[in-house]
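Heads up, the sequence shown is in UniProt numbering, so the first residue is 1 and it goes up one at a time.
Ideal Cβ positions, reconstructed from N, Cα and C, are used throughout, including at glycine.
Predicted model only: the values in this text are computed from it and were never measured.
Here is the structure we will look at, set down as structure tokens.
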Amino acid sequence: MSQGLMASARAQRRWDADTLVAPDWLVNGDNAWQLTAATLVGLQSVPGLMVMYAGLVKKKWAINSAFMVLYAFAAVLICWVIYAYKAAFGKQMLPFVGVPGPAVAMNYELEQACLPEAGICAFYPMSTMVYFQFVFAAITLVLIAGAALARMNFLAWMAFVPLWLTLSYTVGAFSIWGGGFLFDLGVLDYSGGYVIHVSSGTAGWVLAYWVGPRHPRDRTEFHPNNVLLALVGVGLLWLGWNGFNGGDPYTASPDAGAAVLNTNVCTAMSMLTWTVMDLVFFKKPAVIGAIQGIITGLVAITPAAGFVAGWGAIIIGVCSGSIPWLSMNILGKQKWFLEFSDDVVGDFHTHLVGGIVGGFLTGLFATSEGVAAFALAPVGGAIDGNGRQVWVQIVGFLFVIGWNIFWTSAICLFIKYVLRIPLRYNEDQLLIGDGEVHGELPYAFFHDGRHDYDQHYGKPQMDLERQEGILEGVDAGHSSSEGPSGSGSGNGKETKQQ
């Protein structure tokens, strides 16, 4: 470029900068907070749940578990901007889903963020809203992955992610948040107790059923390979939840601060309650149990975060630390339950049960002040004389559960019988793990060069006779100290192979 053209270009840039006027609707503080909140939520998945899963599974499945998270995060983003965002938050096509379409045009990205059917507009550009909603969609798929770790075929997972995002997540998001029929009914879900947690808990449990159980050797001995790494992951989850719940007023408002405070109060109360339950019934405080208590507290406060007062958050924390504990350690130890679905990290108990608990208690403890601050009609829950809200909340989670049971099953059958992709790994892959599936190992505990997988992971042979009768005496001991969850770590006879 000649010196004259370069000087002209520099002058043009100075002119643009000098004359650029921000849109009247832009509030820089809101935009900055919303992008920060979105980043915090993204960190919950990558690296939060990535390292938590890698630490909770056996060493031979660490890479595969982390990679399932990484793939889901990337795949959801591409699908989201191409068509899924508008299906979840665009103009209505049906009472439960919007019209799909791209969200990548520059004029669209720079216009004011609005949810047309919900009648909500924010003070930042549409690009910020699209990314903020993406990280919620991504973490939902990541949570589902936890139920099917240590045996789901990666190719099947690659197909499952876009299909489930399209047929399930967009429906829940539009119905409750985007102005769909549950939004009109008045279902309260502050930040995803139903859209994210009830749906992922249901879908994960159903997915685990169709994929089938882990290898018998893995299921009888499935101790976490790195509890400290799991603690790092859950720490990122906890602090990342400040963006998860604090970003959902769509503005840097007083209600955002209340949501952040309630989130942390409930989570702390839930962890303490779970730990006390462990001490009372099992005589030992377990770190894995504390992790479960943190997660259930985060899940249960999600639908209520900015709607309830601080005392309500404490009550929700007590319930989220006790009811899922009972579910995991009583229901999760039943032989029929273990045989039905091998839910590795306990999605059923932490996300489905925790989400139902939080959603139901939102119907009880939502305040009219909290609901009004979220730009909804100033009608609270039962404590404010609105007993109808409890029934509305029940209708909401029943719809989400039913929809996800049907479509998760349909997607799994489509992948298996139409796409002809096996849902689970073959025998050698199940026995060897990462070395056979990805050709990589998580830890270099031996010399570089040729790796002796037989020595480090066991010969790919089945001793089926040795596995007979595993469930004859289901261990009634401490689930939390044995593995990622009561349902995932308990002994289980393998009853279904794909």
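Let me confirm a value: residue i is counted as buried when at least 16 other C-beta atoms fall within 10 Å, else exposed. Which label applies?
i           : result
residue 131 : buried
residue 442 : buried
residue 188 : buried
residue 424 : buried
residue 78  : exposed
residue 59  : buried
residue 69  : buried
residue 184 : exposed
residue 193 : buried
residue 281 : exposed
residue 83  : buried
residue 46  : buried
residue 214 : buried
residue 106 : exposed
residue 250 : buried
residue 417 : exposed
residue 28  : exposed
residue 49  : buried
residue 115 : buried
residue 388 : exposed
residue 336 : exposed
So the candidates are the options; which of them puts its Cα closest to the Cα of residue i?
i           : options               : result
residue 339 : 387, 212, 80 and 66   : 212
residue 126 : 199, 228, 140 and 85  : 85
residue 161 : 71, 116 and 39        : 71
residue 40  : 21, 116 and 135       : 135
residue 197 : 244, 215 and 214      : 244
residue 288 : 382, 233, 417 and 216 : 233
residue 277 : 320, 106, 56 and 367  : 320
residue 225 : 34, 55 and 133        : 55
residue 217 : 427, 444 and 437      : 427
residue 181 : 83, 88 and 308        : 88
residue 429 : 64, 291, 306 and 50   : 64
residue 247 : 412, 440, 33 and 186  : 33
residue 431 : 310, 222 and 369      : 222
residue 53  : 344, 262 and 75       : 344
residue 75  : 409, 51 and 159       : 159
residue 102 : 255, 411 and 80       : 80
residue 325 : 337, 296 and 310      : 296
residue 108 : 444, 128 and 396      : 128
residue 381 : 119, 164 and 186      : 186
residue 258 : 294, 310 and 61       : 310
On the premise that residue j lies in contact with residue i, defined as a C-beta separation below 8 Å, what is that separation, rounded to the nearest angstrom?
i           : j           : result
residue 123 : residue 25  : 6 Å
residue 44  : residue 139 : 6 Å
residue 392 : residue 363 : 7 Å
residue 347 : residue 146 : 6 Å
residue 265 : residue 313 : 5 Å
residue 179 : residue 111 : Residue 179 to residue 111, Cβ: 18 Å. No contact.
residue 173 : residue 142 : At roughly 16 Å, the Cβ-Cβ gap does not stay under 8 Å, so residue 173 and residue 142 are not in contact.
residue 137 : residue 421 : Actually they are not in contact, since the Cβ atoms of residue 137 and residue 421 sit about 23 Å apart, beyond 8 Å.
residue 315 : residue 365 : 7 Å
residue 308 : residue 367 : 6 Å
residue 306 : residue 373 : 7 Å
residue 298 : residue 267 : 5 Å
residue 230 : residue 294 : Actually they do not touch by this definition, with Cβ atoms about 11 Å apart.
According to DSSP, is residue i helix, strand or coil?
i           : result
residue 112 : strand
residue 515 : In this structure the chain extends from 1 to 498, so residue 515 is not present and cannot be described.
residue 467 : A caution first: residue 467 carries a pLDDT of 39, below 50, which makes its placement in the model unreliable, though a value can still be read off. In this structure, residue 467 counts as helix in the three-state DSSP scheme.
residue 94  : strand
residue 125 : strand
residue 424 : strand
residue 449 : Any reading at residue 449 must be qualified, since the residue scores a pLDDT of 44, below 50, and its modelled position is unreliable; the value itself is stated next. Here residue 449 sits in coil by DSSP.
residue 316 : helix
Using only the heavy atoms of the ligand NAD, determine whether one of them is closer than 6 Å to the beta carbon of residue i.
i           : result
residue 201 : As far as ligands go, the structure on display features none, and thus does not contain the ligand NAD.
Any Cβ of chain D within less than 7 Å of the Cβ of residue i?
i           : result
residue 311 : The structure shown contains no chain D, having only a single protein chain.
#### Entry: the region 93 to 101 / the region 263 to 275 touching (three or more Cβ pairs under 8 Å)
No, they do not touch.
### Query
Is the number of C-beta pairs between the region 143 to 155 and the region 200 to 209 that are closer than 8 Å three or more?
Because the criterion of three Cβ pairs below 8 Å is met, the region 143 to 155 and the region 200 to 209 touch.
### Task
Could you tell me whether the region 286 to 305 touches the region 349 to 363, using the rule of 3 or more Cβ pairs below 8 Å?
Contact between the region 286 to 305 and the region 349 to 363 is present: three or more C-beta pairs spanning the two stretches fall below 8 Å.
### Message
For the structure I just gave you, are there three or more beta carbon pairs, one from the region 400 to 417 and one from the region 168 to 183, closer than 8 Å?
### Response
In this structure the region 400 to 417 lies against the region 168 to 183, because at least three pairs of beta carbons, one per stretch, are closer than 8 Å.
### Query
Would the region 356 to 370 and the region 308 to 327 be scored as touching if the rule is three or more Cβ pairs under 8 Å?
Touching, yes, given that three or more Cβ pairs across the two stretches are closer than 8 Å.
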